[in-house]
Amino acid sequence: MKPFIYDPPNETMPREELEQFQLERLQSTIYRCYRNVQFYGSVMRDLQLTPDDFTTLEDLRRLPFTTKEHLRNSYPYGMFAVPLREVRRIHSSSGSTGVAIVVGYTANDLDHWTGLVARNLAAAGVTDEDVVQIFFGFGLFSGGFGLHQGAERIGASVLPASTADIHKQISVMQDFRTTILVGTPSYARQIAETIAESDISVQSLSLKGGLFGAEPWSERTRQIIEENLVITALDIYGLAELGGPGVAGECPFKCGLHIAEDHFIAEVIDPETGEVLEAGREGELVLTAIHKEAFPLLRYRTGDITTLHIEPCECGRTHARMSRVYRRTDDMIAIRGVKVFPADIQAEIEDMEGVGSRMQIVLDREGHEDTIEVQIELTRPPAGGGLSSLDRQRQATQDRLGDFLRMPVRVRFVEPSTLAPLGEKTTMVVDNRNG
Ligand code: DLL
């Protein structure tokens, strides 16, 4: 049986037609950027380009990349393409280094965004019969409101549970007969493990599916959520700069996340050289927003590492798929000269029983030597309870990470919510080595 597609004319458009459609939207976006965004106007004038020079999709490559640095330099409203009176909503992302990125939406942008998130929810099986519990934060972070609007658009009953504590989440789930869970995968896993260890029978719940994202997660975490809650768990991807969630989402075939290509042009580049790579090769995702009024970005370097797949998907959608994002270009750390991706440490941890997936790496220097401490939020006390079993588990985790990294690692277990409030993302790396 083919799964439900929310917007068939746009989601299943033959690729040739889709590319023509993209070109038309790209041309009008470039024209507006040239006229209304000082930054893009001067970039194009410096390169002696005018909007008329963009006659094919490949011509997009004549433009340089836009980076987070450019957005920071234009803080808060310097890259908006419309006057503030036309802006209906503002969200922001604090980013890993603390300087906020500010994003504006016109009434049309809000409408389109809502439709995109509705597509992802529909792909996860959400209908107007569902009760959707959202445990993303509601605030400047785009997750809560983005998913909320999308679920309302479908006609589901929405529970904006936000970042309430785990017992509250579970009681809401029981009392209000939640059918769909939406939030960060780390919190979903914690909920799943807590229920599995409690005397609550999962059959007494009404759950059938979940849509999780905003942070990297592994197949192991998916498996734990799916098995313990007896649901199908799918992935949703997005970033504030491109409007928040809704940029891409998985379908039930779980073979990558379909990118909303009628709204975004996706390229994958070699992060070192900037060379555009063909489909199937791994690199940094670069996105161009071709249907935004307030905050259109051209060739934005997301920092996320992925691979594009353009061959058709069994679900019937023609939009390209991106493989699950697990690493970023900017989070690679060098410890004692060894290059490490925090996501790889996280994957080791996610593989272990009883240890939560939320962690923080703290780098320091003792004498001339780098030290690494990994702080991990424990989701529950170790089997057998007691201090000695806790210490045994800590030692086992420490040994495993030490083997993995081939250097001494200190592991410290911390209480849930220590690294960040539940449902919010943690800062992966704290580097105290230069100060
Ligand atoms: O995380 C938007 C969002 C909200 C996406 C709810 C999905 C669901 P930011 O706070 O700007 O926006 O963070 C964006 O988070 O560049 C990725 O590095 C990471 N990220 C987002 N979704 C995923 C995912 C929202 N599904 C940054 N898998 C992005 C892995 C993800 N990483």
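Residue numbering for the sequence shown follows the working numbering, starting at 519 and increasing by one per position.
Where a beta carbon is used, it is the ideal one built from N, C-alpha and C, also for glycine.
Since the model is a prediction, treat every value here as computed from it, not as a measurement.
Secondary structure at residue i, three-state DSSP: helix, strand or coil?
i    : result
G920 : helix
P526 : helix
R695 : coil
M877 : strand
S907 : helix
L757 : strand
Q566 : coil
P763 : strand
G774 : coil
I743 : helix
T632 : helix
R930 : strand
V720 : helix
L665 : helix
V858 : strand
V605 : coil
E800 : strand
Say the cut is 7 Å; is the CB of residue i nearer than that to a heavy atom of the ligand DLL?
i    : result
A732 : yes
L757 : yes
I754 : yes
P939 : no
V843 : yes
G661 : yes
G774 : no
G821 : yes
P934 : no
S611 : yes
F539 : no
R910 : no
G664 : yes
P763 : yes
F813 : no
Are the CB atoms of residue j and residue i within a distance shorter than 8 Å?
i    : j    : result
A636 : G664 : no
L803 : T824 : yes
A732 : F654 : yes
E779 : A838 : yes
R476 : M870 : With the chain running from 519 to 953 in the structure shown, residue 476 is simply not present.
V720 : L699 : no
A642 : L752 : yes
G792 : F539 : no
I742 : I709 : no
DSSP beta-bridge partners for residue i?
i    : result
H827 : R839
I808 : I808 is not bridged to any residue.
S610 : V620
E790 : None, per the DSSP bridge assignment.
A751 : G728
V948 : V880
Y818 : T584 and L805
D577 : Bridge partners of D577: none, in fact.
L896 : V873
A599 : For A599, which the question treats as bridged, DSSP gives no partner whatsoever.
Looking at the C-beta of residue i, does it have a partner C-beta in chain C at a distance below 8 Å?
i    : result
A865 : Chain labels in this structure do not include chain C; a single protein chain is all it has.
Task: Unbroken stretches of the alpha helix (DSSP H), 4 residues or longer, contained in the stretch 527-563 - done: 533-554
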